[in-house]
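Structure first, commentary second.
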Amino acid sequence: MTDLVTRRAALSASSFDPKTRTFTAVAATETPVARMDWGSGERVNEVLVIAASAIDLTRLNSGRAPLLNLHQAYQVADQIGVIRSARIEGGALVIEAELSGRDDVKPIADDLAAGVIRNVSIGYAIQARERIEGEGDGPDTVRVTRWAPAEVSLVPVGADPNAFIRSTGVTIMEPDEIEENETSPIAVRQPADRETRAERNRVAKIIELGRRGNLTNAEMENAIINGTTVEEFRAYGHDKMAEEAERSHTRPSMRPGAATFDNPDFLGRAVEDALFARMTGQVAEGPAREFMGRRFVDIGAELLKARGERVSWNSPDRIVSGMMTRGAGLNTTGDFPTILGNVMNKRLLQLFQAAESGASLIAATGTASDFRPQLEARLSSFPALEKVNEHGEIKFGSLNENGERLQIASYGKGIGVSFQVLVNDDMNAIDRSIQDIGFATAELKSKLILDALSMKLNDGKPVFHADHKNLGTGAVLAVQAAGAARLGMRKQTALDGKTALGIAPRFLLVPSELETTAEMFLAETRPAATGDVNPFAGKIQPAVEPRLTDPLAWYFFADPALYPVVKFLTLAGYGGPRLEVDQEFSKLGTSYRVTWHCGAGPVDYRGAYKNLGA
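Residue numbering for the sequence shown follows UniProt numbering, starting at 1 and increasing by one per position.
What follows is the structure, encoded as structure tokens:
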């Protein structure tokens, strides 16, 4: 995970007001600042884009962002004030800050008032960036196109010459208004070249020692900025290693569930939440905010670095190739294919549920343990209770068991996420594929349920048949015809042919052609007379199914949990369609397969009634 980056700058005279302990400062401009790119180990010129679309000012404008002393945040005393507000003005990020009134901060306030302290430094998290190749042997330029300031510090040395504590009435100059340094470069070129080479060697050696000693980016950067010699940094690294070795005997290693980006599971969940928020247009919360706005290649680089692999920003194609492979050949939570698969899976279920139609409402649900036909037992009504005799003897009756045989099958489809889609950061292409699959799985479920209504029961007759007393003659959907249908359901008897079940309709299933008619029929009304009362208003729920082919027929269905007519089965553990990684080494990018093991069939006729319509 990228550490918090800091940028320092030289300041002018202070605008500090001793009465309110407030001052205004230019915290950042688009002035290029030389930096070390920790991914490639190369020096680059970093440019912070100053624009409302580039900077997340939420924290600076919250009134809670700290004003720190030298970016130290190890104890409460390190906070010497608070950032009250931030704004973009004249191509610069300008802040309003307030110093603490603590006694230990008073010397700092005095130095600000006297103009002794002239430097500020901003700490920020990079969310998105682009790299521009340098000309000739010159360094590359990294434009930070999305970043989130987290804190501002008072520092003795600045890096951005255009960031300063404002004096009263100071204005921000345009670039062409700033006078150029007229010192001739010829007179200092040779010493400068020697100094540059020496500085480069120092920086390279510090980075090498830091990586070998597993030191943090912040520790290496502080050593580079503060002019620490190689020998001093080597000694510092030895001390850190000794301290860590001592702690390892008394302190356990990091808990697997630790809420830090060093924990692969925590990092993977944060990336997963960010990608899902981006795919659905939602706002990311918590740790996921760190990855909002980042490209696939940027996220992949973070995951690769978390696996201990070196990343070269000059080769985004290599980053994409690397991130689409699984660590140690395993399917782990920190692998990008797994993370993207989880995101696609959640999106698929979301779209599938949204696409479900009226057919899903009328079907009962259940699970199958395997792919063999299974008996869906249908029990008759419980035998009538009989009076207990004087000896307390209870007579036992028997249950007549009858049932239908249902069977599930496997259905599937593949989705390819190409190498080009990842390099181009085309989230829309991925989401479109998921949308297609989501609608296709909803279509499959509806088709299986509707097909079951046309199947024959074990008595050799279809669900709706005159012998089943659930098929009415053609009539327009109206109170009289609906009353006859309800009466037919109420009169249905159990398997003994005598016990009335008293079934009540719960759903009105209609084709799209009858949707408006059904809504009018079920609408609440204010009758002018008792005879105009709609007895079905508020009691029955409409279920519109565009896949019904007969534009006139309409149906009543009971609550499927009480009197199921059709049952939709899924394989145990596969309640919905499932998306899984199906990576092939011979192909660029990766692929996913969507599978669903399901089926449907009729289980009884008593809980439904069909009218042919007119």
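Positions of the beta carbon are idealized from the N, C-alpha and C atoms, including for glycine. Remember, predicted model here, so these are calculated numbers, not experimental data.
Fully enclosed alpha helix (DSSP H) runs of no fewer than 4 residues occupy 296–306, 316–323 of the stretch 272–345, in order along the chain. For Pro-505, the secondary structure class from DSSP, reduced to helix, strand or coil, is coil. According to the DSSP assignment, Ile-437 belongs to no beta strand (DSSP E) but to the alpha helix (DSSP H) extending over 427–453. Counting C-beta atoms within 10 angstroms of its own C-beta, Thr-441 has 16 or more neighbours from the protein chains shown and is therefore classed as buried. Taken in chain order, the complete beta strand (DSSP E) segments of 3 residues or longer contained in the stretch 69–98 are 79–89. A direct Cα-Cα distance of roughly 36 Å separates Leu-579 from Thr-58. By the Cβ criterion, the stretch 18–37 is in contact with the stretch 136–155, since at least three pairs of Cβ atoms, one from each stretch, lie closer than 8 Å.
With contacts defined as CB atoms closer than 7 Å, Leu-304 and Met-324 fail to qualify as a contacting pair. Annotation: Val-423 is outside any beta strand (DSSP E); the continuous alpha helix (DSSP H) that includes it extends over 419–423. Here the C-alpha atom of Glu-272 lies approximately 35 Å from the C-alpha atom of Ala-223. Only residues of its own chain outside the window of five on either side were considered, and among them Ile-206, Ile-207, Gly-210 have a CB closer than 7 Å to the CB of Met-220, listed in chain order.
Shortest Cα-Cα distance from Ser-85 to any of Ile-319, Val-320, Arg-64 involves Arg-64. For the pair Gly-483 and Trp-554, the CB atoms are not nearer than the 7 Å cut-off. Ala-500 and Leu-487 have their C-alpha atoms some 12 Å from each other. Counting of Cβ neighbours within 10 angstroms places Pro-107 among the exposed residues, the total staying below 16. Among the bridge pairs identified by DSSP, Gln-374 is matched with Leu-406.
Within the DSSP secondary-structure output, Val-203 pairs in no beta bridge. Going by C-alpha positions, Ala-77 is about 26 Å away from Phe-261. Fewer than three Cβ pairs drawn from the stretch 541–550 and the stretch 332–347 lie within less than 8 Å of each other, which leaves the two stretches out of contact. Taken in chain order, the whole beta strand (DSSP E) runs of length 3 or more contained in the stretch 515–571 are 541–544, 554–557, 566–571. Note that the C-beta distance between Ile-540 and Gly-607 is not below 7 Å. Around the beta carbon of Ala-235, a 10 Å sphere encloses fewer than 16 other beta carbons of the protein chains shown; the residue is thus reported as exposed. Distances from the alpha-carbon of Val-94 to those of Asp-425, Met-292, Ala-475, Ser-121 put Ser-121 closest. Using a 10 angstroms sphere on the CB of Arg-294, the tally of other CB atoms reaches 16 or more, which defines it as buried.
The way I'd put it, the stretch 125–139 doesn't touch the stretch 97–106; fewer than three beta-carbon pairs between them come closer than 8 Å. Assigned with DSSP and collapsed to three states, Leu-348 falls in helix.
An exposed status is given to Glu-519, since fewer than 16 other beta-carbon atoms sit within 10 Å of its beta-carbon.
Under DSSP, Phe-23 forms a beta bridge with Ala-97. Bounds of any beta strand (DSSP E) do not take in Pro-511, whose DSSP letter is neither H nor E. Proximity of the stretch 424–444 to the stretch 345–358 meets the contact definition, three or more beta-carbon pairs being nearer than 8 Å. Judged by beta-carbon spacing, Ile-449 lies beyond the 7 Å limit of Ala-355, meaning their Cβ atoms are not closer than that value. Only exposed fits His-391, as fewer than 16 other CB atoms lie within 10 angstroms of its CB. Taking C-beta separations shorter than 7 Å and ignoring five residues to either side along the sequence, the partners of Asp-111 in its chain run Ile-117, following chain order. With contacts defined by Cβ atoms closer than 7 Å, Ile-434 and Arg-318 do not form a contacting pair. Going by beta carbons, Pro-551 and Glu-515 fall outside the 7 Å limit. Asn-424 counts as exposed, since fewer than 16 other C-beta atoms from the protein chains shown sit within 10 angstroms of its C-beta.
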